[in-house]
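Structure first, then comments.
Number of protein chains: 2
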Amino acid sequence: MAEQQESSAQYLISTVSKRSGLKTDLIRAWERRYQAVTPTRTEGGQRVYNDIDIARLKLLNQVTSNGHSISQVARLSLDELRNLLKKEETPLIEVADTHQSSSDKQYLTEDYIEKCYAAVIEFDAKKLERHFENAIVELEPQFFIENLLEPLLNKIGSNWQAGLLRPAHEHMTTALIRSMAYILRTNNPAPDNAPSIVISTPISQLHELGALMASIIAEFKGWHVTYLGANLPAEEIAAACKYTGSIAVALGISCPHDDIVVPKEIRRLKKLLGNDATLLAGGKCADNYQLLLNELNVTRIENYSHFKDILDQLKNSHLSKPMPN
Amino acid sequence: MAEQQESSAQYLISTVSKRSGLKTDLIRAWERRYQAVTPTRTEGGQRVYNDIDIARLKLLNQVTSNGHSISQVARLSLDELRNLLKKEETPLIEVADTHQSSSDKQYLTEDYIEKCYAAVIEFDAKKLERHFENAIVELEPQFFIENLLEPLLNKIGSNWQAGLLRPAHEHMTTALIRSMAYILRTNNPAPDNAPSIVISTPISQLHELGALMASIIAEFKGWHVTYLGANLPAEEIAAACKYTGSIAVALGISCPHDDIVVPKEIRRLKKLLGNDATLLAGGKCADNYQLLLNELNVTRIENYSHFKDILDQLKNSHLSKPMPN
DNA sequence: TAAGGTTTGTCAATATATTGTCTAATTATC
DNA sequence: GATAATTAGACAATATATTGACAAACCTTA
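Taken in sequence, the protein lines are chains A and B. Under numbering that gives the first Met the number 0, think of the first position of the first sequence as 0, with each following residue one higher. Under numbering that gives the first Met the number 0, think of the first position of the second sequence as 0, with each following residue one higher.
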C-alpha cells in the first residue's frame, strides 16, 4: 500500500470537480450513497483524491450521461466502466469537453509526461500503465497519442541516446506500449474497403517504438494495418505486403547503425515490391540514407503529421483508381 | 443461467427499453405474463437487467414483429430464437451472444484454434484479433490462455520451424498478441506485496512469444512482472532486476541458434545476478544448453505448467523469509 | 359468417425509489 | 478574515413499480 499516496499527486475536491466535470456536491453524494470513490482525508478531514479517483469519476460521468443509473455502476472497476463505454459505442455524443480549457489540458498533459517519465526511470511498469490508463481517459486517445505519447517517446529516445537511460528502460516502455496499443486502436474499426499498409522495421533495426506509433496513427486514419514488429528481412515484408494486398509499406529506421545492411535491405525490398506498393521510410536516422531513398524513389516520412498527410494522399489516389481487375 | 453476479453491465428498464426498442410497459407486461425475462431487483425493488436479457428482448422484438405470438416464443432460449430468425430469412441486426454451456467448451476451443490459425495464414490481423476478442469473452481468460493460446502458439511455432509458415506470420502474430496482452492482464491486478519477476530473452534470441506467454501466466499467478521483450544483453536484464527488486529472472530460449552468444550471455547474467535472484530458463531450445544450465544451477522450465509450479514455490519461499532489513 | 373468447399492446392512477441540487451550521486552510 | 470543505438534512424532479383496465387484433367454433 502507501504506493498510491506517494506515487500520484493529491487533489482537493475543487480540482477534482474541474477535472471530472462533476459538481462537488455530486461527488460527495456519490461517495456518501454508493462509495463511488473513497478518498483519503487530511488531518483536518478534507477529502484528498488521486489520479485514479479522477479517472474513475470521469468515467462515471460519461457512463451515467450515457443512461446508466449511478447506483448500478458506482462500484464497477475502471476496466468494467471502460468496457461499458466501449460496448455502448455511441458515436452521436462526443460531447465537446464540458470545461477544461486548452491551457488546462496542456498543463495536464505535461504533468502526465513528467509522471510517466518518472515511472520509466523507476522501472515501474505498473505505475506507468496506470498513468497511461488515466491519461487515455482524461485526454481523448487521439490527443493522448499526439501530445503525450509522442513527446514522451522523443524524450525517452533522446535521453537514451544521451546515455541517461539504459536500453532496458526503453525495452520495458516498448513492451508496455505495445501491450496498450490495443486500447488505443480498439475504438475505430476500419471499414472493409479501407486501404492496407504494412509497417515494420528492416533487419538490424531493433527499435520499434516509432513504427508502433506509426501503426497506431495509421489505424486512427482508417487504414488496415499489418504491423510486423522489428527486424524483418525484405522478403518477409514483401510477402506480407503481397498477401494482404497492401498499397504501401512503411519502414522505421531509428538506429544510427549506418552499416551496410539497411541500404541493402531497402534496395531488395524496393525491388521485391516493384510498383505494387509505395515504399515509405521514416524515423530518426532515416536521414542517414537520404541519397539512397532519393535514388530509389522512396518517400521520406519527416514526422508524424507528415505521415498523416502521406496516408491521406495515398488513400485518395487509391480510392480514385479502384481495383485494376 | 443465474450469472447475475457477472458484476459488470447492469441496466435499468429505461436503458433496456432504448436498446431493445420495446416500451417499458411492454417489457414489464411480458415479464408479468410470460416471464420472458427475469431481471434481478435493486434493494428498492427496481428491475436490473443484464446483457443477456437485452439480447433476449431484442430477439423477441424481432421474432414477434415477424409474426410469432409472444406467448409462444417468450420462453425459448437465445439459440432457439436465433434459429427462428435465421429460418425466416430476415436479415436483421445480429445480436451479440454471451452464453455457453461447458460441454461445448472443448469443441468450441478447437474451433477457435482452427479459425485463428486460418487467420494467421491469411495474414489477417483484424480477423485474428476479432477471434481472440470473442474467445476471451466466451471462454474465461485463464481458460483462453491455457487451452487456446498455448496450443495455437505451439502449432504456429512448429509449423514455422517446419517451414509451413513464414517468419512474417510469426511476427504478425507476436505483435498482435503483445498488444492484446493488455486485456488479458488487466483483470487481476497484483497485490502490492506480490513478488517481482523480470522476463526477457537474451541477446540474439529474437523470438519472444514464449516469453510473452510466460509473462501473462506470471501476472495471472499474482506476480509483478517486468517484461522486457526480446534480445537484451545480460547487464540490462540484471539492471532491471536490481531496480525492480525482483526475486527471479526468466529467460526464453526458443531459437535453435546454438551459437556461442547465448551461453556467454547466460554465464554473464548468472554472475551479475549472484544470489539476489533465481535464474530460470525455458523455451523450445533450452535443451541445447542443458549442461550449461546444470553447471550454473539455472532452473530449467519444462513447460508452462511446470513454470506455474516454480512460480508458486518461489512465491512461498519468498513470503516465508520477508525483507532482509 | 357471426359470436364469443383469448391474446396483446397500451394506458392511467397511485405509490415508491432514485438522484441531482440546495441550505445551514460548522470547521479547515492559508 | 476570506475562502474552501465538511456534515446533515431536505427537496423537487424524474424514473419505476404495481395494479387494473381497455380496446384492437386474433383465434375458435357454431
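The C-beta atom is built at its ideal place from N, Cα and C for all residues, glycine as well. On a predicted model such as this, the values are computed, not experimentally measured, just so you know.
Under 7 Å by beta carbon: chain A residues contacting residue i
i	result
B/Leu227	Ala167, His170, Met171 and Ala174
B/Thr243	Phe122
CB contact check: residue i to chain A, cutoff 8 Å
i	result
B/Thr39	no
B/Glu264	no
B/Thr14	yes
B/Glu139	no
B/Ser178	yes
B/Leu279	no
B/Ile300	no
B/Ile325	Lying before the first or after the last residue shown, residue 325 of chain B is absent from chain B, which here runs from 0 to 324.
B/Lys17	yes
B/His305	no
Test: residue i CB closer than 8 Å to a CB of chain B
i	result
A/Gln71	yes
A/Ile196	no
A/Met212	no
A/Ile135	no
A/Leu151	no
A/Leu91	Residue confidence is low: A/Leu91 scores 35 on pLDDT, short of 50, so the model does not pin down where it sits. Its coordinate-derived value is still stated next. No, A/Leu91 lies away from the interface with chain B (no Cβ there is under 8 Å from its Cβ).
A/Lys314	no
A/Gln4	Per-residue confidence for A/Gln4 stands at a pLDDT of 40, beneath the threshold of 50, marking its modelled position as unreliable; the derived number appears in the next sentence. Cβ-Cβ to chain B under 8 Å: no for A/Gln4.
Short Cβ contact (8 Å threshold) for residue i with residue j
i	j	result
B/Ile112	B/Leu152	no
A/Leu164	A/Ile198	no
B/Ser19	B/Ile53	yes
B/Ala124	A/Thr108	no
A/Arg81	A/Leu58	yes
B/Val248	B/Cys254	no
B/Leu77	B/Val15	no
A/Gln45	A/Leu83	no
A/Ile216	A/Tyr303	yes
Residue i: contacting residues in chain B (beta-carbon distance under 7 Å)
i	result
A/Ser68	Leu11
A/Lys125	His223
A/Tyr331	There is no way to answer for residue 331 of chain A, as the model of chain A reaches only from 0 to 324.
Contact belief for residue i with residue j at Cβ below 8 Å, rounded distance in angstroms
i	j	result
B/Gln236	B/Ala285	Just to set this straight, residue 236 of chain B is Ile in the shown sequence, not Gln. That pair is no contact at about 16 Å.
A/Ser178	B/Ser178	6 Å
A/Ala280	A/Leu250	5 Å
B/Val47	B/Gln9	5 Å
B/Ala229	B/Glu207	4 Å
A/Leu290	A/Ala233	Between A/Ala233 and A/Leu290 the Cβ distance is about 19 Å, and since that is not below 8 Å, they are no contact.
B/Ala134	B/Leu127	Not really, about 10 Å apart at Cβ, beyond 8 Å.
B/Phe131	B/Met171	The pair is not a contact, with the Cβ atoms about 13 Å apart (cut-off 8 Å).
A/His305	A/Ile246	Contact doesn't hold; Cβ gap of about 18 Å is too wide.
Under 9 Å by beta carbon: chain B residues contacting residue i
i	result
A/Ala239	Phe122, Arg165, Ala167, His168, His170 and Met171
Closer than 8 Å at the beta carbon, the chain A residues around residue i
i	result
B/Val47	Gln71
B/Ile236	Ala167
Cross-chain neighbours of residue i in chain B, by beta carbon under 8 Å
i	result
A/Leu231	Pro166, Ala167 and His170
Near the ligand FAD: residue i beta-carbon under 7 Å from a heavy atom
i	result
A/Cys254	The model on display carries no ligand, and the ligand FAD is accordingly not part of it.
Is there contact here, the segment 212-225 of chain A with the segment 157-172 of chain A, by at least three beta-carbon pairs under 8 Å?
no
Could you say if the segment 205-212 of chain B and the segment 261-280 of chain B meet the contact criterion of at least three C-beta pairs nearer than 8 Å?
no
For the segment 64-78 of chain B against the segment 27-42 of chain B, are there 3 or more C-beta pairs whose distance is under 8 Å?
yes
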